[in-house]
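In my numbering, the protein residues as written are 1 to 432.
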């Protein structure tokens, strides 16, 4: 990852260091002295390690921080603490989260059994002159030992800079509003992160309420810069605002849009839905779930993400059912009147209905709402850059700056507000 920055302030926040790195090098925990590792003479033997240097440790430990970002949670790592990208790193991630788990619960790890709770992020100082930090997002499968790096995560993105500040990867000297540029390696895109900083760390307390998250927190604004074509050729990978996919002997009209993330948007009515259904009901319909997945995979082929449906990545494109504003009921039983939203959306991620909406999906929907003829634009009552999306957890607002230059579609930026905070710092044990 390169040299750490932040010195005593960052070390003070991040806590102990890895007992044994995944590459086999021994790094025993010790008191901090302004460095990532304390000098050898100051290191102490930890109860988790045998006094016999030739004995096998009970566990392999690695530095990590458990963070909530938006409506997701995940394990965050410093790039320097991980083995090189590849199978060994993937084993660290799947082992830490408890995958594979045939029971779908990840009880033997830090994962939560659903896509929004089975995520990892590695962070480093950026090597690019136009960015401060860079990060790679990994979506860890629950029932398989697999990590998908094919897309970014809009919910964990707001936690990247708070983690970087705590881990000594980046430093902000002045208290108050700050702007940090993050480079997402999954998509090659830049994100401007605007947040409040105090004593070198991100402020977490505040009055901003994020649908799907209990309580309130400090707002963090994400501005995805030049977000078109995150994994494809552009905002409209096929060049059309609507396409017709042949799925299992039936024709389904969709909008294939790639702004912040590739998305397949389909009218809820075309699938026999109202758009106000809750995740439990959607997931209980096995025939519907199979149709939604086949449609998503067909969309992946049409967008150029794969040659055949069987090779479609797990995490992209995502798919969402869209409907015009209507009265709906949230997961907590709260009623949402139709006039409080511009559109109803039910998104699916990794084969299951999302409890809210992925952050990148919300931004993609905001862009689609401003593109003439898309499924989202037809259903939406919004006439500006901001789109109010009714999800199972509440109304989420996202925005996109869409224009036409010389007849060509241009999306300058897409944005939304999230909250984030650290939940745990220290080390995670990897299975032997």
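Positions of the beta carbon are idealized from the N, C-alpha and C atoms, including for glycine.
- Your pair residue 235 and residue 411 checks out as a contact, with CB atoms roughly 5 Å apart and the cut at 8 Å.
- Distances from the alpha-carbon of residue 408 to those of 372, 252, 219 and 192 put 372 closest.
- Unbroken alpha helix (DSSP H) stretches of 4 residues or longer found wholly inside the segment 97 to 166: 157 to 166, given in chain order.
- Residue 65 has its alpha-carbon roughly 6 Å from the corresponding atom of residue 426.
- Under a 10 Å Cβ-count criterion, residue 89 is classified as buried, with 16 or more other Cβ atoms of the shown protein chains found around its own Cβ.
- The count of Cβ pairs closer than 8 Å, one atom from the segment 359 to 375 and one from the segment 396 to 404, reaches three, so the stretches are in contact.
- A distance below 9 Å separates the beta carbons of residue 368 and residue 259.
- Short of 6 Å from the beta carbon of residue 137, and not among the five residues preceding or following it, lie these beta carbons of its own chain, in chain order: 121, 152, 153 and 186.
- Just so you know, the alpha carbons of residue 417 and residue 193 end up roughly 10 Å apart.
- Within the DSSP bridge table, the entry for residue 345 names 322 as partners.
- Assignment of residue 87 by DSSP, reduced to helix, strand and coil, places it in the helix class.
- A Cβ-Cβ separation of about 10 Å leaves residue 109 out of contact with residue 142 under the 8 Å criterion.
- Inclusion of residue 155 and residue 118 in the CB contact set at 9 Å is not warranted, their separation being larger than that value.
- Secondary structure at residue 427: strand, using DSSP grouped into helix, strand and coil.
- With respect to residue 255, residue 374 sits close: the two C-beta atoms are nearer than 9 Å.
- Per the coordinates, the alpha-carbon of residue 158 lies some 15 Å from the alpha-carbon of residue 77.
- When beta bridges are read from the DSSP output, residue 246 appears opposite 251.
- Using a 10 angstroms sphere on the CB of residue 215, the tally of other CB atoms stays under 16, which defines it as exposed.
- About 6 Å separates the beta carbon of residue 274 from that of residue 268, a gap short enough to meet the 8 Å contact definition.
- Using a 10 angstroms sphere on the CB of residue 263, the tally of other CB atoms reaches 16 or more, which defines it as buried.
- Between the alpha carbons of residue 85 and residue 160 lies a gap of roughly 19 Å.
- Annotation for residue 391: 211, 345, 356 and 357 place their beta carbon closer than 7 Å to its own, counting only its chain and skipping 5 residues before and after.
- For residue 197, the enclosing beta strand (DSSP E) has its first and last residue at 189 to 198.
- Where residue 75 is concerned, the enclosing beta strand (DSSP E) starts and stops at 72 to 78.
- Nearest neighbour of residue 348 by Cα position, chosen from 278, 219 and 181, turns out to be 278.
- Residue 424 sits exposed, since fewer than 16 C-beta atoms from the chains shown fall within 10 Å of its C-beta.
- DSSP lists 426 as the bridge partner or partners of residue 64.
- Counting only residues of its own chain and dropping the five nearest sequence neighbours on each side, residue 403 has a CB closer than 6 Å to the CB of 410.
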